[in-house]
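Written out below as structure tokens is the structure these notes cover.
Protein chains: 2
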Amino acid sequence: MSEGHVRKLVSSVDIRARIKACEKLAEAFGKVVKSVLVGEEPRLIIPKRTLSNTIYDKERGLLLLGPSTFERNFLDVRESKKFMQTLLMAKIIYEALMNNEYPTIRDLFYRGKHSIRYRDHKGRIEEENTWDEQKESDAVLRDIEVYVNLLREEMLILSKEKGKVVGDMRIKSGDDIIDLSKMGHGAYAIEPTPDLIEFIDVNAEFVLVVEKDAVFQQLHRAGFWRKYKAILITSAGQPDRATRRFVRRLNEELRLPIYILTDADPYGWYIYSVFKIGSITLSYESERLATPKAKFLGVSMTDIFGDEKKKPYLSETERRNFIIRAKKADIKRAQELLNYEWFKTEKWVKEINVFLAKQSKLEIEALTGKGLYFLTDTYIPTKIQTQDFIE
Amino acid sequence: MSEGHVRKLVSSVDIRARIKACEKLAEAFGKVVKSVLVGEEPRLIIPKRTLSNTIYDKERGLLLLGPSTFERNFLDVRESKKFMQTLLMAKIIYEALMNNEYPTIRDLFYRGKHSIRYRDHKGRIEEENTWDEQKESDAVLRDIEVYVNLLREEMLILSKEKGKVVGDMRIKSGDDIIDLSKMGHGAYAIEPTPDLIEFIDVNAEFVLVVEKDAVFQQLHRAGFWRKYKAILITSAGQPDRATRRFVRRLNEELRLPIYILTDADPYGWYIYSVFKIGSITLSYESERLATPKAKFLGVSMTDIFGDEKKKPYLSETERRNFIIRAKKADIKRAQELLNYEWFKTEKWVKEINVFLAKQSKLEIEALTGKGLYFLTDTYIPTKIQTQDFIE
Chain A
111 MSEGHVRKLV SSVDIRARIK ACEKLAEAFG KVVKSVLVGE EPRLIIPKRT LSNTIYDKER
171 GLLLLGPSTF ERNFLDVRES KKFMQTLLMA KIIYEALMNN EYPTIRDLFY RGKHSIRYRD
231 HKGRIEEENT WDEQKESDAV LRDIEVYVNL LREEMLILSK EKGKVVGDMR IKSGDDIIDL
291 SKMGHGAYAI EPTPDLIEFI DVNAEFVLVV EKDAVFQQLH RAGFWRKYKA ILITSAGQPD
351 RATRRFVRRL NEELRLPIYI LTDADPYGWY IYSVFKIGSI TLSYESERLA TPKAKFLGVS
411 MTDIFGDEKK KPYLSETERR NFIIRAKKAD IKRAQELLNY EWFKTEKWVK EINVFLAKQS
471 KLEIEALTGK GLYFLTDTYI PTKIQTQDFI E
Chain B
111 MSEGHVRKLV SSVDIRARIK ACEKLAEAFG KVVKSVLVGE EPRLIIPKRT LSNTIYDKER
171 GLLLLGPSTF ERNFLDVRES KKFMQTLLMA KIIYEALMNN EYPTIRDLFY RGKHSIRYRD
231 HKGRIEEENT WDEQKESDAV LRDIEVYVNL LREEMLILSK EKGKVVGDMR IKSGDDIIDL
291 SKMGHGAYAI EPTPDLIEFI DVNAEFVLVV EKDAVFQQLH RAGFWRKYKA ILITSAGQPD
351 RATRRFVRRL NEELRLPIYI LTDADPYGWY IYSVFKIGSI TLSYESERLA TPKAKFLGVS
411 MTDIFGDEKK KPYLSETERR NFIIRAKKAD IKRAQELLNY EWFKTEKWVK EINVFLAKQS
471 KLEIEALTGK GLYFLTDTYI PTKIQTQDFI E
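The listed protein sequences correspond, in order, to chains A and B. My numbering puts the first residue of the first sequence at 111, with every later residue one more than the last. My numbering puts the first residue of the second sequence at 111, with every later residue one more than the last.
Structure, rendered in structure tokens:
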């Protein structure tokens, strides 16, 4: 394969991303350098990532950081260690960008981990570690993300990824054009930096995200996406950042409706919530990663039990065989979800209350247990066609 | 995309696989039907999956099932339930094959789960469940795998998959030809039935399997496989069956050497062991899934500490910063590994004993912490070139 020899090892897309990130880092931290040069006290003004500064924007359906900021001053003895940690992390990231590297957050922890020897005010030699635990370096990295206004992926910091996709769609990733309809029985594993993907063309009417990889495999193999013109995605459990960003872009840029299919239990609802709203403690990510218009397709409590207007998809016998009794942790989780702003809609309150009354949950596999083609040709198409989803 | 319309939903490869599996099932269980028709006692003669019938074949380096079998008789009251479970499972699998379905093991559990009502010898109505837990249906499925001599993948039973691959290689999966060197920054997610993959052509000198997905992402992005003519694979932790089978086929059919890169700890060694030998409790899989010639590239204890002949890759300071103290569970695990036949080689005994003496472990990320290009251009190539691996 002669092409391998003439081809660059690293893609041109990455090189452009590096330059952009370096410029933004240099600008943000250049301010600190300048203040030192003119004899001012070095300090950082960083948006607060606290719960009290997290706002649920009802109109946009997003969790956002509020306007509060805090100062981190080098000359304040309570803040000087954190200040130095922040600058150490910024330096490591900048160097990695310049050296064509792709660190992970674990690498960043190791790269910065060392002991600093110094003399205290009485002349004694002391030692202090930069950090001991990854949660310290991770916290500093998050500060830098909000301070510079760059997600870590934009700084070419990589992480493990579980998300997969197939569908009638072409994308450009790195220097390659990839046809997501030509993956055979396998799938395309989404890259850790989905903002660098270019959508070339798409022939699909909606996106179906399934929680479970094994169900994704079945739908793929049965030709579901081909027959129903879907982009088929799995998050393989709790979605990672790349899968969330990829789904958001499909919705925002290609205007494709997003349907999410999980088990009928609080864990499944939470997966939906992470796609739709994001995580409460990391609200700064949500503006880029959340998909407020994502719809919960099922499996819903009315799918199982029906209601005054709807016939259930399960018979009495199937319910007896398939339903799993909810555990205490499920009940507790469901009660917590009732407190979230975005679960305070009529349909969600009803859904959660039926769950609490019946104390029953159901796996998607109970539906494929009724036959794979029941899932692909009855359940999913009917749910979409009758708009039987929860928002 | 007009092609989508003329194209079959399901691949021709799958159709052929279905026919083969149906024939083998019909042949194996046809014997039982015949015995009923001629008035003989229905029974199954099944290879024993017990530890005492598991043999380590030193020459081939494989765990194999021994020659012992057991009988399961319908007319023996202690065995009749198991006998009926086995036939129920065989029926479900056969029907799924005929109906073009792709069940998972969880589906199979749901499909078979129901209550049977009958009258006992005193005429009272009794109820008995076919099975209550998935471990019951899984055990029966394993019996069928060894009885029919078909792995479940060959019966088109799917499962979740984590393995990914990139490299200068073309494969055929389903009806598509896929170029694994054109995956952009993403990767090809290996299908659950890797026996159905056809290798078209390959331009590589070795296979590097990395335990950690995030390290895979880094090596991929840095162009490692292109520069060193490697097929790059991640198992994303404990390898699943599909990844193991795929690696085995690369070794057996394409004669590519397999190098496995994990953290330096008993968990990493166990991952290596699963690739090389398979799992002790599921030895019947090993004959198809294990890669006896797989080599443990590192990270090894001598990489960290050196020995009389070798300079370590880490300095004294790096060791101080990067090494993690082993936990009690690590020590216990290491002592267990010493009892496995295939760890009783000179190099492995030394490796494990150094670990037990130093009580130290190291993550791969400690090496990328030294710089990504240290890993790609110094550590891995030197280890391979000097044959500094453990078998």
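Even for Gly, the Cβ is constructed at its ideal location relative to N, Cα and C.
Any beta-carbon of chain B closer than 8 Å to the one on residue i?
| i | result |
| --- | --- |
| residue 213 of chain A | yes |
| residue 236 of chain A | no |
| residue 300 of chain A | yes |
| residue 128 of chain A | no |
| residue 435 of chain A | no |
| residue 121 of chain A | yes |
| residue 485 of chain A | no |
| residue 489 of chain A | no |
| residue 125 of chain A | no |
What distance in whole Å lies between the Cβ atoms of residue j and residue i, which are believed to be in contact at a cut-off of 8 Å?
| i | j | result |
| --- | --- | --- |
| residue 387 of chain B | residue 164 of chain B | Residue 387 of chain B to residue 164 of chain B, Cβ: 11 Å. No contact. |
| residue 383 of chain B | residue 272 of chain B | Contact flag wrong, Cβ pair sits at about 18 Å. |
| residue 478 of chain A | residue 217 of chain B | 5 Å |
| residue 412 of chain A | residue 420 of chain A | 5 Å |
For chain A, check one thing: does any of its Cβ atoms lie closer than 8 Å to the Cβ of residue i?
| i | result |
| --- | --- |
| residue 306 of chain B | yes |
| residue 493 of chain B | no |
| residue 293 of chain B | yes |
| residue 288 of chain B | yes |
| residue 220 of chain B | yes |
| residue 250 of chain B | no |
| residue 303 of chain B | yes |
| residue 231 of chain B | no |
| residue 332 of chain B | yes |
| residue 268 of chain B | yes |
| residue 540 of chain B | Absent from the structure is residue 540 of chain B, since the part of chain B shown begins at 111 and ends at 501. |
| residue 328 of chain B | yes |
| residue 216 of chain B | yes |
| residue 481 of chain B | yes |
| residue 336 of chain B | yes |
| residue 136 of chain B | no |
Would residue i pass as a contact of residue j if the rule is Cβ separation under 8 Å?
| i | j | result |
| --- | --- | --- |
| residue 321 of chain A | residue 381 of chain A | yes |
| residue 256 of chain A | residue 135 of chain A | no |
| residue 300 of chain A | residue 274 of chain A | yes |
| residue 406 of chain A | residue 499 of chain A | yes |
| residue 402 of chain B | residue 352 of chain B | no |
| residue 208 of chain A | residue 251 of chain A | no |
| residue 266 of chain A | residue 212 of chain A | yes |
| residue 341 of chain A | residue 416 of chain A | no |
| residue 358 of chain B | residue 399 of chain B | yes |
| residue 349 of chain A | residue 316 of chain A | no |
| residue 385 of chain B | residue 319 of chain B | yes |
| residue 279 of chain A | residue 291 of chain A | yes |
| residue 343 of chain A | residue 294 of chain B | no |
| residue 223 of chain B | residue 431 of chain A | yes |
| residue 314 of chain B | residue 376 of chain B | no |
| residue 395 of chain A | residue 261 of chain A | yes |
From this set, the options, which residue's C-alpha is nearest residue i's C-alpha?
| i | options | result |
| --- | --- | --- |
| residue 202 of chain A | A:161, A:247, A:229 | A:247 |
| residue 440 of chain A | A:462, A:428, A:430, A:421 | A:462 |
| residue 215 of chain A | A:243, A:453, A:467, A:337 | A:243 |
| residue 225 of chain A | A:204, A:191, A:245, A:327 | A:191 |
| residue 473 of chain A | A:189, A:325, A:279 | A:325 |
| residue 331 of chain A | A:317, A:354, A:349, A:297 | A:297 |
| residue 179 of chain B | B:424, B:161, B:185, B:288 | B:161 |
| residue 123 of chain A | A:184, A:286, A:237, A:229 | A:286 |
| residue 336 of chain B | B:449, B:496, B:487, B:159 | B:487 |
| residue 475 of chain B | B:237, B:328, B:343, B:150 | B:328 |
| residue 404 of chain B | B:355, B:302, B:155 | B:355 |
| residue 433 of chain B | B:468, B:233, B:490, B:418 | B:468 |
| residue 369 of chain A | A:452, A:490, A:482 | A:490 |
| residue 168 of chain A | A:452, A:150, A:497 | A:452 |
| residue 264 of chain B | B:229, B:306, B:284 | B:306 |
| residue 186 of chain B | B:177, B:175, B:154, B:176 | B:154 |
request  = Could you pull out every unbroken alpha helix (DSSP H) segment of at least 4 residues lying fully inside the region 183 to 228 of chain A, listed in chain order?
outcome  = 190 to 208, 215 to 222
ask   = Got a sec: which bits of the region 451 to 470 of chain A sit with their beta carbon under 7 Å from any beta carbon on chain E, in order along the chain?
value = As a matter of chain content, chain E is missing from the structure shown, whose protein chains are A and B.
inquiry  = Quick check for students: name the residue ranges of the beta strand (DSSP E) that lie wholly in the region 344 to 393 of chain A, counting only runs of 3 or more.
reply    = 368 to 371
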